[in-house]
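Numbering (our numbering), first residue to last: 1104 to 2060.
Even for Gly, the Cβ is constructed at its ideal location relative to N, Cα and C.
Please read all numbers here as calculations on a predicted model, not as lab measurements.
The structure appears right after this line, and notes come after that.
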């Protein structure tokens, strides 16, 4: 049986001559509580005729303790109380201390803390009278934990130190491990996080000597919980994974249900609220099935996840229900947490006065506790509310108090406290704001670097992405420093992707042994298999079961990869890539080029304009509540008009609203500019700028346009014109017949063969895969690194919840691929592990650019994976494209591409290429070929509507 993570354990009587009781103690210490129960039961039978002697008392307490540890509080307590009732003057002090200590533990399990404390202190007095150092240590350990749970942390440390010192001398690893653990909790509560971590590590190392798997798993819980609170998410995931694996092996539901909540809480902190809800709901489901109560904390976290998923009415309803129950129960700590959550909810909905009221209630209650963390959280909530109400002095005062407390917790998650203090100083017009922003950035990036995995890192960073843009605006508004502002917004926009680009598949292969690498790949295949099973399943019950299994596999995979990065420091030592500076951009631009980068703040759209000789910005005030939401609506309406083949009048009307905000403020600053490099933000990533229809002409008629997810990425994307021995690799995936659920929503693409045949005519050395030749294993085994151009004329699929499962649908699942463990679906993670030297990858497919919009990261869809694999640029589509028109468009594009490349790379440039001196222009033959192909389709008798040519965009170098 398992330990409850927050409870004490029974102590042991000194036994010298009774082999049965000695055996009972040994079995108990190894965590075999049913076995210990049987042995103590036999001892009770043996001594039943003399119930006031030492042996019977020890047997009764041991029997009761075994029952308590199996969750039978009532019966276990009864036996311990029976032993207490027969104590007399003949019983030695040491045994009285033993019994009284167990009585204290029993009352604690019955939640009678006053009687628990009285009996523990009586036990300590008896132990002192006996002079038995072992007994003093045991009782001090139990008192330490009780004082901690009652909020008397200084007393908890005092008793805990006595216990640790004594057990170190006695060398009892079982109880020494527990005393280290309890002392760690007390240290952390008072902000001594370094001492807390040291104690927990000692607890773990000591536990290994006990060979008690139960106790070891409990320490994994404590380590996971500690690292979670301090923002070391990689270590938290690794330890929680070990704890969850163990409790599931044991199969004890009362411990499995909280284990699921531990996993959920990490996902919650990482901003993965859908995943968090899955684990929380599974915990609640198991609890309900087994008549186990769900903790207030879990219910609060479920409500919070709904709040973050913008289901605000549901969140408010859940909070109200919990609050009404806690008022009846008179639980101060839970009430504080509820008021803090209410304050945040009211703040998010713009009810700042109500938010202040709840924050004040939380703060008032927190003053009656010794919890520094709750006081810090309450002060931070008060500061946030006062800041929104323009009560600057009060906001700054409370923010200082919150930061002062939080900063004591070394290694704790200080980012939010530091960011709040910076905002308060800024509103107070103090330059200290800029000092604290630098501290906040360091803390944010420390948190982000403590977890591995694109989705998880993006989740951490998304919590703070808007903060970077807000600080960038401060530098514009207060210091008129466009260079620093641009650097900061780029720092937030590109952080996660830069780390991913700096780490290659070969790094993993060179560091990790083959068996581990095989295990990692197998886990990836198992996850892929479940995704395909979900897509192919028609039964809702089966889908629900598969999704539950998938959640667990993904958690195990994330835990495994994070543990690898902890085990192999070389995997974590990625090259820190620098943010691009404005002068670097200008050096890459010609006189005809302009870079336009968009940035959102709370009420403004900021537009950076950078040309060869100039750099400035424009601030556009947007009256609606949220500029991001306002632009998102306009983009959606515009896209809908095009996709529904609306008349040009309607497209023009919807274009005007976007043009007025995005480009009109720059109209007098773009004279002489023919090429626009656009770095969009949020929903603007889904806007085909060249399809804006203004004054009876499309923007494509005036500008050649390409895109970047961030300006900094341009520095680190692989350069074009690398040495390749062959020209074109093309795939025509036309053979889908809808025989599986995965492919039934995707039409057959008969024109792709015509498309590939047409573009192949422009090249000499070509490798094509058509119809039955097309398979995932065939693509992976092809020498892709030898080709300059890669063309995939097949369906694409976007998974917005898990971008790594976005990919290309290559073929139906066939037997030969099954033997190679391939499923006919080339996902982003698999693409990332390939090696390209391609100047250009063209995804002549459906929806291949529409990825999960992640704040602060900027790169979407399959672009991520192709750049990681080594592509210089990628052409993707913003919506489902038409088969016949795409064949015509691509034929024109490649014809232009072949001709314009020859014109650009003349004899002199070939000479510079040979000596690695050639600097490709920002807008070269690839961009010009795409621009010309679009303009040619404008003149086409059937395909001139933007629905046919506008979806294709180019990203990269």
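**OP:** Note down, in chain order, each residue of its chain lying with its Cβ closer than 6 Å to the Cβ of residue 1918, except the 5 sequence neighbours on either side.
**Re:** Residue confidence is low: residue 1918 scores 43 on pLDDT, short of 50, so the model does not pin down where it sits. Its coordinate-derived value is still stated next. Excluding positions up to five away in sequence, the list is empty.
**OP:** Could you please give the first and the last residue of the uninterrupted beta strand (DSSP E) stretch that includes residue 1870?
**Re:** Going by DSSP, residue 1870 is part of the beta strand (DSSP E) stretching over 1869-1873.
**OP:** Sort out for me which residues DSSP pairs residue 1980 with in a bridge.
**Re:** Residue 1980 pairs with 2055.
Subject >> Of the residues 1832, 1823, 1325, 1774, the one placed nearest residue 1806, counting alpha carbons only >> reply: Closest option to residue 1806, Cα to Cα, is 1774.
**OP:** State buried or exposed for residue 1354, treating a residue as buried only when at least 16 other CB atoms are found within 10 Å of its CB.
**Re:** Label assigned to residue 1354: exposed.
Original post:
Which whole runs of the beta strand (DSSP E) in the segment 1499-1579 are 3 residues long or more, in chain order?
Top reply: Given a length threshold of 3 residues, the segment 1499-1579 has no whole run of the beta strand (DSSP E) inside it.
Original post:
Alpha carbon to alpha carbon, how far is residue 2020 from residue 1836?
Top reply: The alpha-carbon atoms of residue 2020 and residue 1836 are separated by roughly 39 Å.
Original post:
residue 1660: which of 1624, 1645, 1649 sits nearest, CA to CA?
Top reply: Comparing Cα-Cα distances from residue 1660 to each of 1624, 1645, 1649, the minimum goes to 1624.
Original post:
Who are the Cβ neighbours of residue 1881 in its own chain at under 7 Å, not counting the five residues just before and after it?
Top reply: The answer, listed in chain order, is 1872.
Original post:
Which runs of the alpha helix (DSSP H) spanning at least 4 residues fall entirely within the segment 1133-1161, listed in chain order?
Top reply: If we require 4 residues or more, the alpha helix (DSSP H) runs fully inside the segment 1133-1161 come out as 1136-1149.
Original post:
What is the rounded straight-line gap between the Cα of residue 1988 and the Cα of residue 2051?
Top reply: A direct Cα-Cα distance of roughly 6 Å separates residue 1988 from residue 2051.
**OP:** Inspect the CB distances between the segment 1733-1753 and the segment 1609-1619 and report whether three or more fall short of 8 Å.
**Re:** The segment 1733-1753 is not in contact with the segment 1609-1619.
Subject >> residue 1723, enclosing alpha helix (DSSP H) - first and last residue >> reply: Residue range 1718-1724 is occupied by the beta strand (DSSP E) that includes residue 1723, with no alpha helix (DSSP H) assigned at that position.
Subject >> Where residue 1811 falls: helix, strand or coil (DSSP) >> reply: It is coil, neither helix nor strand.
Original post:
Are the beta-carbon atoms belonging to residue 1990 and residue 1858 less than 8 Å from one another?
Top reply: In this structure, residue 1858 lies closer than 8 Å to residue 1990 by Cβ.
Original post:
At what residues does the beta strand (DSSP E) containing residue 1946 begin and finish?
Top reply: Segment 1943-1946, the beta strand (DSSP E) holding residue 1946.
**OP:** Measure the alpha-carbon distance for residue 1957 versus residue 1596 and round it to whole angstroms.
**Re:** Residue confidence for residue 1957 is low, a pLDDT of 37 falling below 50, so the modelled location carries little weight; the figure read from the coordinates is stated next. Straight-line measurement puts the Cα of residue 1596 at about 9 Å from the Cα of residue 1957.
**OP:** Identify every residue that forms a DSSP beta bridge with residue 1800.
**Re:** Residue 1800 is bridged to 1797.
Subject >> Distance, residue 1929 Cα to residue 1568 Cα >> reply: Near 30 Å, if we compare the C-alpha coordinates of residue 1929 and residue 1568.
Original post:
Among residues of its own chain, excluding the 5 on either side of residue 1178, which ones have a beta-carbon nearer than 6 Å to its beta-carbon?
Top reply: For residue 1178, where only same-chain residues beyond five positions count, the Cβ hits under 6 Å are 1170.
Original post:
Are the beta-carbon atoms belonging to residue 1517 and residue 1539 less than 8 Å from one another?
Top reply: Not in contact: residue 1517 and residue 1539 (Cβ atoms no closer than 8 Å).
Subject >> Inter-residue Cα distance where the pair is residue 1314 and residue 1132 >> reply: Residue 1314 and residue 1132 have their C-alpha atoms some 10 Å from each other.
Subject >> Beta-carbon proximity list for residue 1484, same chain, < 8 Å, skipping 5 on both sides >> reply: Sequence-distant partners of residue 1484 (beyond 5 residues in either direction) whose C-beta falls short of 8 Å from its own C-beta, in its chain, are 1443, 1446, 1447, 1458, 1461, 1462, 1465, 1466.
Original post:
According to the neighbour-count rule (16 or more other Cβ atoms, all chains shown, within 10 Å of its Cβ), is residue 1122 buried or exposed?
Top reply: Residue 1122 comes out exposed.
Subject >> Three-state secondary structure (DSSP) of residue 1696 >> reply: Residue state, collapsed to three classes: strand.
Original post:
Quick one: complete beta strand (DSSP E) runs, 3+ long, within the segment 1177-1247?
Top reply: The DSSP assignment places no complete beta strand (DSSP E) segment of no fewer than 3 residues inside the segment 1177-1247.
**OP:** State the CB to CB distance for the pair residue 1977 and residue 1946, rounded to an integer number of angstroms; the pair is presumed to be in contact (CB under 8 Å).
**Re:** Indeed, because the Cβ distance is near 7 Å, the residues count as touching under 8 Å.
Subject >> Extent of the continuous beta strand (DSSP E) to which residue 1891 belongs >> reply: The continuous beta strand (DSSP E) containing residue 1891 extends over residues 1890-1896.
Original post:
Around the Cβ of residue 1241, are there at least 16 other Cβ atoms within 10 angstroms (buried) or fewer (exposed)?
Top reply: Per the 10 Å Cβ criterion, buried.
Original post:
In terms of residues, what are the limits of the alpha helix (DSSP H) holding residue 1646?
Top reply: According to the DSSP assignment, residue 1646 belongs to the alpha helix (DSSP H) that extends over 1643-1670.
Subject >> Other residues of its chain near residue 1706: CB distance less than 7 Å, five sequence neighbours each side excluded >> reply: Contacts found: 1724, 1725, 1730.
Original post:
Is residue 1685 buried or exposed, if buried means 16 or more other CB atoms sit within 10 Å of its CB?
Top reply: Residue 1685 counts as buried, since no fewer than 16 other beta carbons sit within 10 angstroms of its beta carbon.
**OP:** Determine the direct distance from the alpha carbon of residue 2057 to that of residue 2047, and round the result to whole angstroms.
**Re:** Roughly 20 Å separates the two Cα atoms.
Original post:
Per DSSP, residue 1395 forms a beta bridge with which residues?
Top reply: DSSP, once it has assigned bridges, lists no residue as partnering residue 1395.
Original post:
When you compare only the Cα positions, how much space is there between residue 1217 and residue 1490?
Top reply: So the two alpha carbons sit approximately 42 Å from each other.
Original post:
If you follow the alpha helix (DSSP H) that residue 1830 is part of, which residue opens it and which one closes it?
Top reply: In this chain, residue 1830 is not harboured by any alpha helix (DSSP H); it is covered by the beta strand (DSSP E) spanning 1829-1835.
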